[in-house]
Amino acid sequence: MKQKNVIKNYSTPNWVLSFFGCIILTTTLCFIILNATAFYNPDQNFYSGLPTIGAVFKQWTSIFYFTYLTNIFLGVMLILIGWKRQSTVIKRLFFLSITLITVTFLVYWALISYKKSTWETAYSAIKSLITHEIHPIIGFVFLILLRKEIVLGRKNVYLAIGSVLVYILFAFVLYWATYNVFIQNDGATIYTFLNFAHPLFYKGANIGVIIVLNALIIILAISLPIGLTLFWKAVLKIKFDTSNSKCKKQD
Numbered sequence: 026m027k028q029k030n031v032i033k034n035y036s037t038p039n040w041v042l043s044f045f046g047c048i049i050l051t052t053t054l055c056f057i058i059l060n061a062t063a064f065y066n067p068d069q070n071f072y073s074g075l076p077t078i079g080a081v082f083k084q085w086t087s088i089f090y091f092t093y094l095t096n097i098f099l100g101v102m103l104i105l106i107g108w109k110r111q112s113t114v115i116k117r118l119f120f121l122s123i124t125l126i127t128v129t130f131l132v133y134w135a136l137i138s139y140k141k142s143t144w145e146t147a148y149s150a151i152k153s154l155i156t157h158e159i160h161p162i163i164g165f166v167f168l169i170l171l172r173k174e175i176v177l178g179r180k181n182v183y184l185a186i187g188s189v190l191v192y193i194l195f196a197f198v199l200y201w202a203t204y205n206v207f208i209q210n211d212g213a214t215i216y217t218f219l220n221f222a223h224p225l226f227y228k229g230a231n232i233g234v235i236i237v238l239n240a241l242i243i244i245l246a247i248s249l250p251i252g253l254t255l256f257w258k259a260v261l262k263i264k265f266d267t268s269n270s271k272c273k274k275q276d
């Protein structure tokens, strides 16, 4: 009976969460399919003469972009939190999805959005705005609405760091596995700033600078998820459980 009363007191109905989750997931999957079919352009497999991840995965490149992965994750978690509202684990994973899509939001608008190709066509511009702005903002709104229901744990921080580091590792392996494959003295990159021979847009050949910039990428990959977790926790005053107890369903 107690559980039923809690459900009735929710200010945001479960179906609203799942509905928007379905919209985000469906829209993202549609973009992935359209990118692979109607709007697939082989010329985009190279950018300024350098190979991109598209040179490796061709039509299905979109699946491997951090943007689409975080959009899919957010959509799935909204669906699940609408289905199992009492689950502490699902709420923590939802918060993780917000942390990761905040990374998408910040990195895109700070480092990637300047690319001319992003705004050359209506489809590209609409797709970019939806996946990098509208979907993240929807996630932010629901985090604000659900903030009092969420209790974070240490694993939130560890998983956020681990998720970003795994993606950086994927980019690192991809780059060196394709080094000298498509062109001499370079490999395929997911994002221009993740070119490990020329990190963070550095065009020089100073080994010391290259090492420092690659180290900076790792530092940012660790500090950004931590900072964003603490940012959302502080701004929204989300509770944090410092104990090592296992997550259980809330009564």
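Counting in my numbering, the sequence shown runs from 26 upward without gaps. Quick reminder that beta carbons are idealized off the backbone N, C-alpha and C, glycines included. In this text the structure is predicted, and so the values were computed from the model without any measurement.
What's the call for residue i, buried or exposed, on a 16-neighbour Cβ count within 10 Å?
i: serine 188; result: buried
i: isoleucine 236; result: exposed
i: lysine 228; result: exposed
i: proline 38; result: exposed
i: alanine 196; result: buried
i: methionine 26; result: The predicted model places methionine 26 with a pLDDT of 40, which falls under 50 and marks its position as unreliable; any figure quoted below should be read in that light. Looking at its Cβ environment, which holds fewer than 16 other Cβ atoms inside 10 Å, methionine 26 is exposed.
i: glycine 233; result: exposed
Quick one, which of the options has its alpha-carbon nearest residue i's?
i: isoleucine 208; options: Glu174, Phe256, Ser73, Val101; result: Ser73
i: alanine 185; options: Thr127, Leu241, Phe82; result: Thr127
i: serine 36; options: Ala202, Phe167, Pro224, Ile251; result: Phe167
i: glutamine 69; options: Leu131, Glu145, Cys55; result: Glu145
i: serine 142; options: Ser153, Leu75, Ala222; result: Ser153
i: isoleucine 49; options: Val81, Lys109, Ile162; result: Ile162
i: tryptophan 108; options: His223, Phe45, Thr95, Gly178; result: Phe45
i: histidine 160; options: Gly252, Phe265, Ile97; result: Ile97
i: valine 81; options: Val206, Leu225, Phe64; result: Val206
i: threonine 92; options: Lys264, Lys140, Trp201, Glu158; result: Glu158
i: tyrosine 200; options: Lys262, Thr77, Leu42; result: Thr77
i: cysteine 55; options: Ser268, Gly252, Ile155; result: Ile155
i: tyrosine 204; options: Ala222, Ile193, Thr217, Gly178; result: Ala222
i: valine 114; options: Lys180, Pro67, Tyr133; result: Lys180
i: tryptophan 40; options: Ser112, Ile106, Ile263; result: Ile106
So residue i is in the beta strand (DSSP E); what residue range does that whole segment cover?
i: lysine 264; result: 264-266
Would you check whether the ligand SAH has a heavy atom nearer than 7 Å to the C-beta of residue i?
i: lysine 258; result: The ligand SAH is not part of the structure shown, which contains no ligands of any sort.
Notebook entry, point to check: Using 8 Å as the Cβ pair cut-off and three pairs as the minimum, do the stretch 209-222 and the stretch 141-153 touch?
Noted result: Touching, no, given that fewer than three Cβ pairs across the two stretches are closer than 8 Å.
Check: What residue ranges within the stretch 155-239 form continuous beta strand (DSSP E) runs of no fewer than 3 residues, ordered along the chain?
Finding: Listed in chain order, the beta strand (DSSP E) runs fully inside the stretch 155-239 are 176-178, counting runs of at least 3 residues.
Notebook entry, point to check: Just checking, does the stretch 250-258 make contact with the stretch 166-183 on the three C-beta pairs under 8 Å criterion?
Noted result: With a cut-off of 8 Å, the stretch 166-183 and the stretch 250-258 count as touching, because enough Cβ pairs lie within range.
Margin query: Please give me, in chain order, every unbroken run of the alpha helix (DSSP H) with length at least 4 that falls completely inside the stretch 54-114.
Written below: If we require 4 residues or more, the alpha helix (DSSP H) runs fully inside the stretch 54-114 come out as 79-82, 91-108.
Check: With a cut-off of 8 Å, do at least 3 Cβ pairs link the stretch 90-104 to the stretch 122-129?
Finding: Touching, per the Cβ criterion.
Margin query: When you compare the stretch 73-92 with the stretch 48-62, are there three or more beta-carbon pairs, one atom per stretch, that lie closer than 8 Å?
Written below: They touch, by the three-pair rule.
Notebook entry, point to check: Do the stretch 232-247 and the stretch 185-199 make contact, defined as three or more Cβ pairs closer than 8 Å?
Noted result: Contact between the stretch 232-247 and the stretch 185-199 is present: three or more C-beta pairs spanning the two stretches fall below 8 Å.
Checklist line | Within the stretch 124-156, ranges of the beta strand (DSSP E) (whole runs, at least 3 residues) | finding: Fully enclosed beta strand (DSSP E) runs of 3 or longer: not present.
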